[in-house]
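Each residue of the sequence shown is one higher than the last, beginning at 335 in the numbering used here.
Just so you know, even glycine gets a beta-carbon here, dropped at the ideal spot from N, CA and C.
Take a look at the structure below.
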Amino acid sequence: MRSSEIIFTMVGILGLSAPQQGSPQTLAPPKRIVIAASTVLDGKGHVLRDTRIVVEGSKIVAIELNAVHPNNDAKAEPVDYDLRGLTVLPGWIDAHVHITWSFGPGGKNAGQGGTTPEAAYAAASNAWLTLLAGFTTVQSVGSPADIPLRDAIAKGLLPGPRILTAVEPIMGRGEQTGTPDEIRAFVRKQKAAGADLIKIYASGGMTRGTMTMSQEQLNVACDEAKKQGLRTLVHAFRDAVRAATLAGCTQVEHGLGASDDDLRLMAERGTYLDPQAGLLLETYLQYKDSYLAPPYYTEEGFAAMKELIPAHQEFIQRAVRIPGLKIVYGTDAVAGAHGRNAEDFIHRVREGGLDPMAAMGSANSLGAEALGMADQIGSIAPGLQADVIALDGDPLKDITAVLRVAFVMKGGVVYKNAAYGAIPVYARIRH
Ligand SMILES: [Zn+2]
335 MRSSEIIFTM
345 VGILGLSAPQ
355 QGSPQTLAPP
365 KRIVIAASTV
375 LDGKGHVLRD
385 TRIVVEGSKI
395 VAIELNAVHP
405 NNDAKAEPVD
415 YDLRGLTVLP
425 GWIDAHVHIT
435 WSFGPGGKNA
445 GQGGTTPEAA
455 YAAASNAWLT
465 LLAGFTTVQS
475 VGSPADIPLR
485 DAIAKGLLPG
495 PRILTAVEPI
505 MGRGEQTGTP
515 DEIRAFVRKQ
525 KAAGADLIKI
535 YASGGMTRGT
545 MTMSQEQLNV
555 ACDEAKKQGL
565 RTLVHAFRDA
575 VRAATLAGCT
585 QVEHGLGASD
595 DDLRLMAERG
605 TYLDPQAGLL
615 LETYLQYKDS
625 YLAPPYYTEE
635 GFAAMKELIP
645 AHQEFIQRAV
655 RIPGLKIVYG
665 TDAVAGAHGR
675 NAEDFIHRVR
685 EGGLDPMAAM
695 GSANSLGAEA
705 LGMADQIGSI
715 APGLQADVIA
725 LDGDPLKDIT
735 AVLRVAFVMK
745 GGVVYKNAAY
755 GAIPVYARIR
765 H
């Protein structure tokens, strides 16, 4: 870790939460914070030069541009955070993580549902590392263990990204998945348990990937979720991609094996695609000894993963050429990948052929749109949450800059403010 080189400014984490029960409502007006930036990627594909971002409380209240004030007189003063020389952008959104998934005692894969003190601390650590890596919102897909972590962070009791969770997923098991009524009841049960979305496993693993739910079962699951006001994320390979799209589900995870026709159908229907470009499989391979445990993680499975990395990258190369296809940023971060979420950007751009600006947008405005939160996060604009990060470098010119997150503000609170040049370039490059 590089913590010795980083100056953390934990400015009043508790200040974000609602007033303490019983305390008088005598809060002073929120303090105004001014951020100076020479280069801002606004999250929607625009580059703003020489701006001041004005924050009050948890929100951005103004963006002051040179163009608007050519004489420079009206610039917001005084500057609280001078981020000139860095690249400023909205906090990133990771649409697919497993935030509570960790390695347990002895270093073996402990999964994501652990209830021991070790598992709870590991989950809190995952959240902290993810936030420090510039991810201010994540969608965890999911585990019941996500809920106390999500709620503790939302109350300002722990530092971490905003968390949305699916709680328990629908596991496709053919006929045994359930009758239409049972599937609908399962969706409602997740909503009652506090789910922000529904996760559905509609096919097997990457290597086999046959459908584990029928078209009708998928139709029912996504229809009931829609009725409950919840989005649906579907783990799908091959035929399941088209089936999930036809069922009106919101987003397809992974997607390997989908044909160009399937991808065009997704574009037509506005179904989001969330492919992975390397971080996930690299993590499994890197921590093979921790994960190896038949029948789920086998030697054959690990051998196949090596070949699947280029297959995923070729898949992304195809996907980026489909007009109108909305590709979001989800890393599928498991144990060993938390805090490394930005590494997949590098794969998507270098091996997947994604334009760097589109890569940033996939984790900003497009990611926010996919979450139904475009009016709250994903852009640097007045009225939105003050989720602001800064990179030591320009990701449009050198995508590895995404690993050098020097500044992290979430909801107006600064969690990281590294001294200029403090993050060594070599230490974070694994490629
Ligand atoms: Zn996953």
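Item	Value
Expected contact under 8 Å - CB spacing of V554 and P514 to nearest Å	4 Å
Option in L382, A453, N751, G670 with minimal Cα separation from E616	G670
Which of helix, strand or coil DSSP assigns to M691	helix
Range covered by the alpha helix (DSSP H) that runs through G370	Per the sequence presented here, residue 370 reads as Ala, with Gly not at that position. Segment 366 to 375 is the beta strand (DSSP E) holding A370; no alpha helix (DSSP H) there.
Classification of T566 by the beta-carbon crowding that lies within 10 angstroms, buried from 16 upward	buried
Alpha carbon of S713 to alpha carbon of A627, nearest angstrom	42 Å
Backbone secondary structure at K622 - three-state DSSP	helix
For G695, the nearest candidate out of Y631, V662, P716 (CA to CA)	V662
Around ligand 1, Cβ to any heavy atom closer than 6 Å, ordered along the chain	H430, H432, V475, D666
DSSP three-state assignment for F469, whether helix, strand or coil	strand
Endpoints, the beta strand (DSSP E) within which K744 is located	739 to 744
Residue of G508, E502, F520, A458 minimising C-alpha distance to L492	A458
4 or more residues per run - each alpha helix (DSSP H) lying fully within the region 524 to 583	549 to 561, 573 to 580
Under 9 Å between C-beta atoms of G717 and D728	no
Distance, A753 Cα to S338 Cα	Because S338 sits at a pLDDT of 34, beneath the cut-off of 50, its placement in the model cannot be relied upon, and the following sentence gives the value as read from the coordinates. Those two C-alpha atoms are separated by around 11 Å.
Exposure of D595, with buried meaning 16 or more beta-carbon neighbours within 10 Å	exposed
D689 and G612 closer than 9 Å at C-beta	no
From G490, I433, V739, K489, residue whose alpha carbon lies closest to that of A479	I433
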